[in-house]
Structure formats: structure tokens, C-alpha cells
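Asks:
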Amino acid sequence: MITAEQRQIRARSGMGSKKLKGLIVRGKPIFKPFDQAMLMETIKEIQIDFRKNIDLARPWQLYGTTAGTESSHLNGDTPIKNWAGVGIIDYGADNARKISGEEIARDKLKSYGCAQCTLACGGHIRRKTRFGEIEGHRLEYEGTGSFGGLNLNTDLDAMAMAFEMCNRAGMDIISVGAVIAFANECFERGIITEKDVGFKIGFGDADAMVRLTELIGRGEGIGSVLGMGAKYAAQKFGKGSEKFAMQVGGQDLPMHDPRLLAKPRHHVHCRPNTRKAYCRRPGI
């Protein structure tokens, strides 16, 4: 697993398919600033100015990326029901509120920040779920999207457990949620059956989502197919299922809907930024 800050797993873009288990990097040189006192004073001034003048600073500090979970599930940003649904219609305001940043923050034990960050939006949580107790990294927006709206799930217990399973196994939360949504659509359309999966699945079935996440992590049963991504699974399932595999170049789509704006490599949500192309608010 590629891990940063002792808690963040870099699982995107299929490291497993490259037969790469992990990277260990250890730096030796120590770099000292010319004027340590001036540097620290400047950093302090920037932090104060940042918190005073940026509208999103406080909610982001409290809720991290989940600050936008509720609104994104309703405004067309978060993909719904394997990209076939509409948030305000198929998910609804009441359900979006159930998985809001405020609700998720109820489990937070403490905040933490990444190195050199002025905001410290990270959250360490403890939650007792019907699947067992979880203590670790708080849900991020992409996790609420992939294990929430994309699968029509509103169960925070299931979302938190699936998220934790991914972190522990070094799996990408976007791809896991996406391939489960693909499987749910295939199941509901009769492309795969209970015999193929081993149990019933479908949109909104929180327990089945957790079971599938575990199977994917273990590479067992249907999980050995789904764990290779939606494109691979569609090739195995056949029967026209490729129409429901939401991917570009084998990469499952991230939890934002810019309608596939072109980027230098297969659809990602990191760089370059597409916000100017699909945000309605001028100046963003």
C-alpha cells in the first residue's frame, strides 16, 4: 500500500494490477531555512489571514471534504444510482441530510492536519456500527459519494464500514463503490443473478454493499471479478453490461459530474482543475 501521513492510502489508478504491493521512501537530508523566525512568523500570518477571509475555511475545518456532501448529492455534482439518477429526485433532501458532514462529525474524536497544511481538515473517528466498532480516518466526500448516492445508500454504518475496509485493504474507495454500483445495476437488470453473486444485491441494500466490499478485498467469489474494475467485470458478464460500466480507459469515474471533460490522462479529478468549466458561481 502507498500510504501518506500514516493514514491516507494512495490506491487510485490500479496499483494492484501492476503487481506493486508497496513503496518505502526514506529521506535523509535536512533542509534548514535561512531565517527560521521569519518563516514561522510568515506562516502564522498566512494562517490567520486564511481563516479570516476564506468563506469555506470554517466548515472545511470542521467537516473536511464532507462539508459538501449534502449539497453535492442534490445539486447534480454527485453521481446517483450508477450515474443514471438525479439527486434531488432519486436520493432526496432527507437522505442527503442523513449523510451530511454534520452527521458524520458526530463520531469525530479529534482533528488532524497534513504536513504544511493551514487548515487541519482531517478527522479521526470512533463509531460503533452493527458490523463492529471502527476507529480510524473519517469518511471523505468521495466515500460518501461512492458508498452513498452512487449506490442509493443512506446507511452511515455501512458507509463507514465499507470505507474502513477499503483503507485497511489498500483499495480505492471510488473504484470499489463504482464497481458495486455497476454490479447492482447488472443485478437489477437480470444480467447477473443471485446464483452468480451468492446473495441478493441491489441499490439501497447497505448490508449487501458491505459484503461485496469484503469479497472484493479478499478476492473471493464475485469479488475476484469486481476487484478488477467495472470494465473487466463487464467483459466477464457480457450481455450488454458494458453500457453500464461507467469508466474511461478502464478507470472508474470519480464522484463529480463534469460530463467527462478531457484531461491529459484517463478521467481523474486531481489535475488540471475542471472547476471553472462546470461551476456556476463566477470566480470559482
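Residue numbers for the sequence shown, in the working numbering: 725 to 1008.
Think of the CB as a built atom: it goes at the ideal place given N, C-alpha and C, for glycine as much as any other residue.
Quantities reported herein were computed from a predicted structural model and do not represent experimental measurements.
Within the continuous alpha helix (DSSP H) that includes Ile849, where are the two ends?
Replies: Premise fails: Ile849 lies in the beta strand (DSSP E), 846-853, not in any alpha helix (DSSP H).
Asks: Just how far apart, CA to CA, sit Ser824 and Glu794?
Replies: Going from the Cα of Ser824 to the Cα of Glu794 covers about 5 Å.
Asks: Taking the C-alpha atoms as reference points, what is the distance between Leu798 and Phe871?
Replies: Their backbone Cα atoms lie some 16 Å apart in a straight line.
Asks: Would you kindly check if the distance between the Cβ of Val900 and the Cβ of Cys890 is under 8 Å?
Replies: Yes; because the gap between Cβ atoms is below 8 Å, this pair is in contact.
Asks: So the beta strand (DSSP E) Tyr672 belongs to, where does it begin and stop?
Replies: What is shown of the chain runs 725 to 1008, which leaves residue 672 out entirely.
Asks: Going by beta carbon distance, what residues of the same chain come within less than 6 Å of Gly873, once the five residues before and after it are set aside?
Replies: Hits under 6 Å: His797, Thr802, Ile804, Tyr815.
Asks: Please look up how many angstroms separate the CB atoms of Thr842 and Gln760, rounded, as I've assumed it's under 8 Å.
Replies: Contact doesn't hold; Cβ gap of about 18 Å is too wide.
Asks: Out of curiosity, what's the CA-to-CA distance linking Ala930 and Gly922?
Replies: Approximately 16 Å between the Cα atoms of the pair.
Asks: State the start and end residues of the unbroken alpha helix (DSSP H) segment that holds Ser965.
Replies: Unbroken run through Ser965: none, as it is neither H nor E.
Asks: Helix, strand or coil for Leu876 per DSSP?
Replies: In the structure shown, Leu876 sits in coil (DSSP, three-state: anything other than H, G, I, E or B).
Asks: Taking the beta strand (DSSP E) that Gly860 falls in, what are its first and last residues?
Replies: Here the beta strand (DSSP E) through Gly860 covers 856-861.
Asks: With a CB to CB cut of under 7 Å and the five nearest residues on each side skipped, what residues in its chain are close to Ile925?
Replies: The answer, listed in chain order, is Ala907, Asn908, Phe911, Ala932, Leu936.
Asks: If you follow the alpha helix (DSSP H) that Ser870 is in, where does it begin and where does it stop?
Replies: Looking at the DSSP string, the run of the alpha helix (DSSP H) that includes Ser870 is 865-870.
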